[in-house]
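Participant: Just so you know, the sequences run in chain order A and B. When you read off a place in the first sequence, starting at 1, and then add 53, the result is the number in our numbering. If you count the second sequence from 1, position 117 lands on 97 in our numbering, and the numbers rise without skipping.
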Amino acid sequence: LTGEQVLESLLRQLGLSEAPGPAQRDAEEPATPAHVRAQYVALLRRSHGARSRGK
Amino acid sequence: RFSQRVREVAGRLLASEASTHVLVFSMEGRLPPDSELVQAVLRLFQQPVPKAALRRLSPHSAQARVTIQWLRIREDSSNSTYLVDSRLVSLHESGWKAFDVTEAVNFWRQLSRPGQPLLLQVSVQREHLGPRAPGAHKLVRFASQGREGTGQAEPQLELHSLDLGAYGARGDCDPGAPVAEGARCCRQEMYIDLRGMTWAQHWVLEPPGFLAYECVGACRQPPGPSTFTGPFLGPRRCIASETTSLPVIVSVQEGGRSRPQVVSLPNMRVEKCACSWDGAPVPRKLGP
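#1: Can you check whether the C-beta of A72(A) is within less than 8 Å of a C-beta belonging to chain B?
#2: For a quick check, are the C-beta atoms of K252(B) and S221(B) less than 8 Å apart?
#3: Do A123(B) and Q27(B) have their C-beta atoms closer together than 8 Å?
#4: If we cut at 8 Å on Cβ distances, does Q233(B) have a partner in chain A?
#5: Does any residue of chain B bring its CB to less than 8 Å from the CB of G68(A)?
#6: Could you tell me the boundaries of the alpha helix (DSSP H) in which E186(B) lies?
#7: Can the beta-carbon of T47(B) be found closer than 8 Å to that of S(-1)(B)?
#8: Counting pairs of beta carbons, one from the region 177 to 192 of chain B and one from the region 227 to 246 of chain B, are three or more of them closer than 8 Å?
#9: Could you check whether the region 50 to 59 of chain B touches the region 148 to 158 of chain B, counting it as contact only if at least three pairs of C-beta atoms, one from each stretch, sit closer than 8 Å?
#10: Residues of chain A with a CB under 9 Å from the CB of A84(B): which are they?
#11: Cutting at 8 Å between CB atoms, please list the residues of its own chain near R216(B), excluding the five before and the five after it.
#12: Can a CB atom of chain A be found closer than 8 Å to the CB of Q90(B)?
#13: How about L185(B): is its C-beta nearer than 8 Å to some C-beta of chain A?
#14: Answer with yes or no whether the minimum CB distance from G47(B) to chain A is below 8 Å.
#15: My output table needs one value for V18(B): the three-state DSSP class, helix, strand or coil.
#16: Could you check whether F5(B) and L119(B) sit closer than 8 Å to each other, using their CB atoms as the reference points?
#17: Interface residues of chain A around L245(B) at Cβ under 8 Å?
#18: Under 8 Å Cβ to Cβ from L60(A), same chain only, skipping five residues before and after it: list those, please.
#19: Roughly how far, in whole angstroms, is the beta-carbon of K77(B) from the beta-carbon of V69(B), given that I think they are within contact range, below 8 Å?
#20: What do you reckon, are the CB atoms on D152(B) and R175(B) nearer than 8 Å?
#21: Within 10 angstroms of its Cβ, does R249(B) collect 16 or more other Cβ (buried), or is it exposed?
#22: Along the chain, where does the beta strand (DSSP E) that runs through A146(B) open and close?
#23: So is W179(B) in contact with chain A if we call contact Cβ pairs under 8 Å?
#24: Put Q181(B) into one of helix, strand or coil per three-state DSSP.
#25: What does the alpha-carbon distance come out to for the pair L11(B) and R239(B)?
Written out as structure tokens, the structure is:
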């Protein structure tokens, strides 16, 4: 796995053609709301339990 | 009818012209838990058709279709069948016929309850519909289906398997030690540093990086590649057999403002490495 492959997967999931450029980025990172963080943690826990078959 | 995109096409039953038998194989201890099934072959001995009956056959009815299905009986006693192999047999020939039932044994391994035998349903059907010799397929008989079955010609299930203790991967590599050339297949730690990637800065909020792991090393090749006639082309290679997804929090632009969003990226982390033929499925026990 390379960084490029992570980028490709991310773009595919978000339906984007390229990563946001520097102009599009905020000067400061947005604060992550509690419900988004909770969703992230839940997915993190689930991914440790559920494995998917490789090729 | 299980597909969302294909409309169900209703059919009309034209004729039911099959003779069906169920073969029961006790599989107790046949496949040790730490073994990989390479190929399973069902051998059936086709008995010769009496010459007088053959003379009455037209050329159109000289063949019959033999279909092998895995019969699954669920806990609520309902059953279903899964097609595993099908081929034409000539009524003029006799002798051993081989069918590839690898799929059936893999299904049985993954889905059956402990101690449940392997059930294979053998159907012989008419190949051509028409008025000529409607019962010709009934002349196809396999040994031990009737009283005349002799012990030596009974149906046989041939299992080709590999001991994963010798032919499988060895789990995780020794941390900190480089994997030597020719060393056995193992899972090696590999850290993907997202903070260090220009495209990810400010866009990917979490995680800063993750342990992706990779499969490295060599796999022992079975002796004599021609032993098995499976559809495996290349040598056994060290591959990722089980993976997990990676959740990330990204900052997406919406109406000129940034909004954190959770995205799950599939197959980002290697959970398990295995030795397998390229393209061949990696069987594993399914959860309850």
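Built from N, CA and C at the ideal position, the CB exists for glycine as well.
Facilitator: Answer, in terms of the structure:
#1: yes
#2: yes
#3: Against a cut-off of 8 Å, the Cβ pair of Q27(B) and A123(B) comes out as a contact.
#4: yes
#5: No, its Cβ sits nowhere closer than 8 Å to a Cβ of chain B.
#6: No alpha helix (DSSP H) holds E186(B); the beta strand (DSSP E) holding it covers V184 to E186.
#7: no
#8: yes
#9: no
#10: What A84(B) touches in chain A: nothing, since even the nearest Cβ is about 19 Å away.
#11: Only Y147, C199, R200, Q201, P202, C255, S256 and W257 meet the Cβ criterion.
#12: no
#13: yes
#14: The question names Gly, but residue 47(B) is Thr in the sequence shown. No, its Cβ sits nowhere closer than 8 Å to a Cβ of chain A.
#15: DSSP places V18(B) in strand when its eight states are reduced to three.
#16: No, these two residues do not count as a Cβ contact at 8 Å.
#17: V59, S62, L63 and Q66
#18: A72
#19: 6 Å
#20: Not in contact: D152(B) and R175(B) (Cβ atoms no closer than 8 Å).
#21: buried
#22: Per DSSP, A146(B) belongs to no beta strand (DSSP E); it is in the alpha helix (DSSP H), L144 to Y147.
#23: yes
#24: coil
#25: 53 Å
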